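Throughout the sequence shown, residue numbering follows full-length UniProt numbering, covering 1 to 343 in sequence.
Don't be surprised by glycine CBs; every beta carbon is placed ideally from N, CA and C.
If you're wondering where the values come from, they're calculated on a predicted model, not measured in any experiment.
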Amino acid sequence: MKQIPTPGQNGGDAAIDPFWMPFKPHVLVPGPVAQTITSSQWTGDTRIAPRTIHKIRLEKNAVLALLELKPQAPGRPLVLLMHGMGGCSESAYIRRIASKLGQEGYGVFMMNHRGSGPGMGLCDRLFNGGSSGDLEAVLQFIADRYPDSPLLAIGFSLSGNILLKFLGEGREPIPQLHATFAVNPPVDLKAASRAISHGPFARTFNRYYLGLMYNQLDALRECFPNAFAPAKRARSIWEFDELYTAPAAGYATVEDYYDTCSSRQFLGQIRIPTTILCSQDDPFIPPSVFEGIESATHVRFVNPKAGGHMGYIARKCTPFGNRRWMDYVCVEWVRAHTPKTER
1 MKQIPTPGQN GGDAAIDPFW MPFKPHVLVP GPVAQTITSS QWTGDTRIAP RTIHKIRLEK
61 NAVLALLELK PQAPGRPLVL LMHGMGGCSE SAYIRRIASK LGQEGYGVFM MNHRGSGPGM
121 GLCDRLFNGG SSGDLEAVLQ FIADRYPDSP LLAIGFSLSG NILLKFLGEG REPIPQLHAT
181 FAVNPPVDLK AASRAISHGP FARTFNRYYL GLMYNQLDAL RECFPNAFAP AKRARSIWEF
241 DELYTAPAAG YATVEDYYDT CSSRQFLGQI RIPTTILCSQ DDPFIPPSVF EGIESATHVR
301 FVNPKAGGHM GYIARKCTPF GNRRWMDYVC VEWVRAHTPK TER
């Protein structure tokens, strides 16, 4: 797995390198837990232009909601944004990044996984970290809709794992998909679940994420009264996956789910340019999960010392005039994968 060079090394063009501005945490948000919580609760400007909604039927009782900001100019790449656990197309980071890309003329698609956002109540089970088949259906829908446009995909947190799994598990390639970006992906689901369930501030994080997921599960049960639901309420993410995620998706045990769906095992088989961003202090993703991975020639690994889990509240303002380093990096990554004639 390739490490990022310092901007300007090896003849690199720092002007188009999305990581030319290294991340340094804000002095008032110094630690990983503070970075994670502050970023989540301080939403920033989430205004966004009107979007078109598409409904993609996967199965008899499974419909996904996909939102679109239409491209303003021909030839601009299309960008698919995918939310993390408990999130949706209306998550603040999705709206902020989509809005910035839309203002630059890119076509942007915002995926709602099974049971999420505008798709709540349209599926008889929730998505999980192995839902790469659903991702394939969405990518194919976009490719069929815009057959002549290059496509880029950005997966956040759990969607990052799904994206990496999709890329490396041997599915039929989608020619329009030119490059991908996984932000803080839990490539070892077992390690990540253990960390979030029992690590520092576990009670706070479990209460927050379980609240989001049970809102989705309640909507599901209201629309599909006969759908599978756990007999008791989980107290941690691990327990939720044990009581609901694994059996609902047909895995024998929670360990079977984690082992089967963790993308770590697929990284060496990825064949298109892929970037993984994960801070060394992510409270949910131990740095050890990236050690000893078979060399992945098409994967670039960026691991700043700080940032928490999708926090990245920076000490200095980005060129956007705020301190959202993650937003800035995502937009710059898209720009770097845009043909020079279209920038």
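Proximity winner among Leu101, Arg76 and Glu59, relative to valine 331 (alpha-carbon distances)
Working through the sequence shown from its first residue, we reach residue 331 at position 331. Considering only alpha carbons, the answer is Leu101.
Residues bridged to valine 254 by DSSP?
Residue numbering aside, residue 254 sits at position 254 when the sequence shown is read from its first letter. DSSP output for valine 254 lists no bridge partner at all.
Using 7 Å as the threshold, is the C-beta distance between serine 197 and phenylalanine 166 below it?
Sequence index remark: in the sequence shown, residue 197 carries index 197 (1-based). Sequence index remark: in the sequence shown, residue 166 carries index 166 (1-based). Against a cut-off of 7 Å, the Cβ pair of phenylalanine 166 and serine 197 comes out as no contact.
Test item: CB-CB of isoleucine 313 and valine 108 under 7 Å
Counted from its first residue, the sequence shown places residue 313 at position 313. Counted from its first residue, the sequence shown places residue 108 at position 108. No, the pair does not count as a contact, with Cβ atoms beyond the cut-off.
Tell me which residues share the same chain as histidine 298 and place their Cβ nearer than 7 Å to its Cβ, disregarding the 5 neighbours each side in the sequence.
Counting from one through the sequence shown, the residue named residue 298 turns up at place 298. So the list reads Ile270, Arg271, Ile272, Pro273 and Thr274, once near-sequence residues are dropped.
Contacting residues, own chain, Cβ-Cβ under 7 Å from glutamate 136 (five flanking each side not counted):
Here residue 136 is taken as the residue at index 136 of the sequence shown, counted from 1. Correct list, in chain order: Phe166 and Arg171.
Uninterrupted beta strand (DSSP E) stretches inside the stretch 231 to 289 (no shorter than 3 residues)
274 to 277
I need the DSSP call for phenylalanine 320, collapsed to helix, strand or coil.
Position 320 of the sequence shown, counted from the start, is the residue given in the question as residue 320. Correct three-state label for phenylalanine 320: coil.
DSSP state of isoleucine 313, grouped into three classes?
Translated into the one-based positions of the sequence shown, residue 313 becomes position 313. Of the three classes helix, strand and coil, the one that applies to isoleucine 313 here is strand, per DSSP.
For a test of the three-state rule: what should DSSP assign to arginine 125, helix, strand or coil?
Reading the sequence shown from its first residue, position 125 is the one you call residue 125. Arginine 125: coil per DSSP, three-state reduction.
Whose C-beta lies closer than 6 Å to the C-beta of serine 236 among residues of the same chain, with five residues either side of it excluded?
One-based indexing of the sequence shown puts residue 236 at position 236. Once the five neighbours on either side are set aside, the close Cβ partners of serine 236 are Ser197 and Asn206.
Does the beta-carbon of glycine 168 have 16 or more other beta-carbons within 10 angstroms, so that it is buried, or is it exposed?
For the purposes of this step, residue 168 is taken as the residue at position 168 of the sequence shown. Result: buried.
Please state the DSSP three-state secondary structure of lysine 55.
Locating residue 55 in the sequence shown gives position 55, where the first residue counts as 1. Looking at lysine 55 - three-state DSSP - the assignment turns out to be strand.
3-residue-minimum beta strand (DSSP E) runs that sit fully inside the stretch 58 to 120, ordered along the chain:
62 to 69, 78 to 82 and 107 to 111
Just to confirm my understanding: we take cysteine 286, look at its own chain, exclude 5 residues before and 5 after, and list those with CB closer than 7 Å. What are they?
The residue given as residue 286 occupies position 286 in the sequence shown. It should be noted that the sequence gives proline, not cysteine, for residue 286. So the qualifying residues of the chain are Ala191 and Ala195.
Select from Asp327, His178 and Val302 the residue whose C-alpha is nearest the C-alpha of threonine 46.
For this step, residue 46 is matched to residue 46 along the sequence shown. Residue Asp327 is the option with its Cα nearest to threonine 46.
Beta-carbon contacts of tyrosine 244 that lie in its chain and below 6 Å, excluding the five residues immediately before and after:
As a position in the sequence shown, residue 244 is number 244, starting the count at 1. Only Pro230 meet the Cβ criterion.
Do you know offhand how far lysine 340's Cα is from glutamate 104's?
Here residue 340 refers to the residue found at position 340 of the sequence shown. Here residue 104 refers to the residue found at position 104 of the sequence shown. Roughly 14 Å separates the two Cα atoms.
Give the straight-line distance between the Cα atoms of proline 247 and threonine 253, rounded to the nearest whole angstrom.
Locating residue 247 in the sequence shown gives position 247, where the first residue counts as 1. Locating residue 253 in the sequence shown gives position 253, where the first residue counts as 1. Whole-angstrom Cα-Cα distance: 7 Å.
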